[in-house]
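I have placed the structure first, in the form of structure tokens, so that the comments after it can refer back to it.
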Amino acid sequence: MEVALKQRRRGTSYWAAAWRRFKKNKMAVAGLIYIIIIIIISIFTPWIAPYPYDEPHYAHTFEKPSARFWWGTDDLGRDMFSRNLYAMRNALLIGFGSQIVVLIIGVIIGSIAGFRGGRIDTILMRITDIMYAFPTFLFNVILVTVMGRGLFTILVAVGLTGWAGMARLVRGMVMYLKNAEFVEAARALGAKEGYIIRKYILPNMLGPIIVSLAFGIPNGIWIESGLALIGMGVRPPMPSWGNMIGAGVAYIMAFPHMVIFPVLTFALTLLAFTYVGDGLRDALNPRSEV
Amino acid sequence: MAELLRVNNLKTYFDRYDGVVKAVDGISYKLDYGETLAIVGESGSGKTVSVLSLLRLIKRNGRVVDGEAIFEGKDLLKLSKEEIRQIRGKDISIVFQDPMTSLNPIMRVGMQIMEPILWHRVMSDKEARDRAVELLRLVGIPEYKTRVWDYPFQFSGGMRQRVMIAIALACNPKLVIADEPTTALDVTVRAQILNLLSDMKEEFKTSVILITHDITLAMNFADTIMVMYAGKIAEYSPVERFIRNPLHPYSQGLISSTLDIKAKEGSLRPIPGNPPSLVSPPSGCRFHPRCVYAQDICREQEPEYKEVEDGHYVACHLVKGGKFNA
Chain A
1 MEVALKQRRR GTSYWAAAWR RFKKNKMAVA GLIYIIIIII ISIFTPWIAP
51 YPYDEPHYAH TFEKPSARFW WGTDDLGRDM FSRNLYAMRN ALLIGFGSQI
101 VVLIIGVIIG SIAGFRGGRI DTILMRITDI MYAFPTFLFN VILVTVMGRG
151 LFTILVAVGL TGWAGMARLV RGMVMYLKNA EFVEAARALG AKEGYIIRKY
201 ILPNMLGPII VSLAFGIPNG IWIESGLALI GMGVRPPMPS WGNMIGAGVA
251 YIMAFPHMVI FPVLTFALTL LAFTYVGDGL RDALNPRSEV
Chain B
291 MAELLRVNNL KTYFDRYDGV VKAVDGISYK LDYGETLAIV GESGSGKTVS
341 VLSLLRLIKR NGRVVDGEAI FEGKDLLKLS KEEIRQIRGK DISIVFQDPM
391 TSLNPIMRVG MQIMEPILWH RVMSDKEARD RAVELLRLVG IPEYKTRVWD
441 YPFQFSGGMR QRVMIAIALA CNPKLVIADE PTTALDVTVR AQILNLLSDM
491 KEEFKTSVIL ITHDITLAMN FADTIMVMYA GKIAEYSPVE RFIRNPLHPY
541 SQGLISSTLD IKAKEGSLRP IPGNPPSLVS PPSGCRFHPR CVYAQDICRE
591 QEPEYKEVED GHYVACHLVK GGKFNA
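Chains as they are written, first to last, in the working numbering: chain A, 1 to 290; chain B, 291 to 616.
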């Protein structure tokens, strides 16, 4: 059946139409290009970075940007450019990784609640409400304190506190879709339940889930940096935008390069993800214009 | 003509917080091969529920309490889930009311036409694809060869209903149930869709059950008319006889409450009141609170559903000897 569809991929496919709508949004495209570039850089960071992130040069502390140290050095003479690359890498890792955790928990809880309904739905949704109401940042601090300050534990902590929205989204869509008229129609024409879930319910949920994830990534990055800023992030000397900005703020008048570069890359990355999320939201709506 | 479907004493009830809704309360009828039966009635009279019960598509709080539905020798109400699934779409298929929401928004229409064929393994992938194109041609979609790989949002309402009809016909079913197929459409498109339905009926030699609340439409389109009121059959008759001599006061009311362009002023007489609650239906004849001819017996005794002429059934105390005597 899938084969039959693929052989005739002319005309406009759902994804081709979505891509055409996405391309109209210039900021989203710029954001996407930026994100692709930083992802490639992050994969090859150990080979691209001119210095290791923790190598001090005591003769070159607080140096301004130069040919040797492109973005200058910090209070221990460590290369700001290299540290920024590693910070970006950590941020992306936590941004994407936390959303994988969100996706797994949110989709499982949301679809069980939506499909089963009744008492199970009530119980799961009250738990979700508690998660939603709990101050996320505080909960993160607690989790990181309990689980330790590694990259992976922060990633899990951010995911564990962020799934409530996804669970609600998935539950709502499942509840609508399982009784949607076109699902009823498929059932009336002899579709099997498994086929309905695979071909009718899941694909129709995909768009909103992708959009939610796209907005979740910058949120994860934001929380990671926030934790680092108050000293609860990854352990030094491992750099994070949060602890770099925190350290740089102390010298902002004398050595502004120490804060400008991390703040700029941080802000640009968040903006890029947000614009891409915006673009996706407009593009992935099957009811919007062609 | 040979008999395709016989429904005996079908009862479908819904459990609700305030009691049991007797949506369909003991109806019996038959349908021959190639026959068109129109089920007419107001909203909530049990038209749709009566046919959805046949395919066991009733929602969880509803249940078929009693009755049998013999389709080609098999009782649909006693088949296993898998057996009934194999009948859905293959032998009996449905055209739904609202074409705007009854198609999967992210699947090409051609694929949606192919789906029932492939679910029931009627033919191979390649044949199914040719059939999808052919069906789209038959239902009158222009540029069907390219349109077949478009998405539903690229079609208008009338076109989507044509696609729905193509999907329903995909497996050459013996019975097509059209559940108010024109209600959601523009008036200008309605006639087209109905003509298409009759053409397709000729082309595919299928039986049709047309559910509608429009009695003039039913009289133009059907071979047999079944008027339902409050979960029961009020009148069941071949269409010529029904037009000549509608016996049940409710049928007469339905006819006189439709607009006729040639009619004299004052001839439009709506039926007073509203359909009754099906949790606690009126005593005796369920129509008596709205019936202008109601007498004591109507309040006390439920009328018997009986044959008054050949093939003409009525449930009314006031019909005697094939005539309505008020």
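By construction, the Cβ of each residue, glycine as well, lies at the ideal position given by its N, Cα and C atoms. As the structure is a prediction and not an experimental result, all values here were calculated from the model.
Shorter than 9 Å from the beta carbon of residue i to some beta carbon of chain A?
i, result
"G386(B)", "First, the residue type needs correcting, since residue 386(B) is Phe and not Gly in the sequence shown. So yes, F386(B) belongs to the interface."
"K380(B)", "yes"
"L345(B)", "yes"
"I377(B)", "yes"
"L487(B)", "no"
"P395(B)", "yes"
"F304(B)", "no"
"P406(B)", "yes"
"A458(B)", "yes"
"L475(B)", "no"
"M454(B)", "yes"
"S392(B)", "yes"
"S383(B)", "yes"
"H538(B)", "no"
"H410(B)", "yes"
Within the 9 Å Cβ cut-off, does residue i reach chain B?
i, result
"F22(A)", "no"
"F44(A)", "no"
"Y132(A)", "no"
"P203(A)", "yes"
"A17(A)", "yes"
"Y200(A)", "yes"
"Y195(A)", "yes"
"A283(A)", "no"
"Y14(A)", "yes"
For residue i, which residues from the same chain have a beta carbon less than 7 Å from its beta carbon, with the 5 sequence-adjacent residues on both sides left out?
i, result
"E358(B)", "N298, D365 and L367"
"W409(B)", "G379"
"R559(B)", "S546 and S547"
"R187(A)", "I196"
"G248(A)", "M258, V259 and P262"
"R534(B)", "none"
When every heavy atom of the ligand PLP is checked, does at least one fall within less than 8 Å of the C-beta of residue i?
i, result
"I104(A)", "In the structure on display, the ligand PLP does not appear, and there are no ligands present to speak of."
Tell me which residues share the same chain as residue i and place their Cβ nearer than 6 Å to its Cβ, disregarding the 5 neighbours each side in the sequence.
i, result
"G292(A)", "Here chain A covers residues 1 to 290 and nothing more, so residue 292(A) does not appear."
"G400(B)", "A422, V438 and W439"
"G601(B)", "P528"
"D54(A)", "P237"
"P354(B)", "First, the residue type needs correcting, since residue 354(B) is Val and not Pro in the sequence shown. Excluding residues within five positions, the ones whose Cβ falls inside 6 Å are T302, S343 and L367."
"V385(B)", "M454, I455, A458, A468 and P471"
Taking a contact to mean a Cβ-Cβ separation below 9 Å, would you say residue i touches residue j in this structure?
i, j, result
"Q451(B)", "P432(B)", "no"
"L344(B)", "L294(B)", "no"
"A460(B)", "M397(B)", "no"
"G31(A)", "V211(A)", "no"
"V569(B)", "G309(B)", "yes"
"L300(B)", "S335(B)", "no"
"V144(A)", "L227(A)", "yes"
"P50(A)", "D79(A)", "yes"
"N140(A)", "T122(A)", "no"
"V453(B)", "P463(B)", "no"
"S42(A)", "L92(A)", "yes"
Is it buried or exposed for residue i, if we count other Cβ within 10 angstroms and need 16 for buried?
i, result
"M518(B)", "buried"
"M131(A)", "buried"
"G118(A)", "exposed"
"I120(A)", "exposed"
"M490(B)", "buried"
"A524(B)", "buried"
"E224(A)", "buried"
"S497(B)", "buried"
"V466(B)", "buried"
"I455(B)", "buried"
"L270(A)", "buried"
"T326(B)", "buried"
"R126(A)", "exposed"
"N485(B)", "exposed"
Note down, in chain order, each residue of its chain lying with its Cβ closer than 8 Å to the Cβ of residue i, except the 5 sequence neighbours on either side.
i, result
"G231(A)", "N243 and G246"
"K178(A)", "G114, F115 and I201"
"V609(B)", "L537, H538, V598 and N615"
If the cut-off is 9 Å on Cβ atoms, which residues from the segment 175-191 of chain A count as contacting chain B, listed in chain order? N179, A180, E181, F182, V183, E184, A185, A186, R187, A188, L189, G190 and A191
Selection of the segment 304-333 of chain B by Cβ proximity to chain A, strictly under 9 Å: none
Return the residues of the segment 434-445 of chain B that lie within a Cβ-Cβ distance of less than 8 Å from chain A, sorted by chain order. T436, W439, D440, Y441, F443 and Q444
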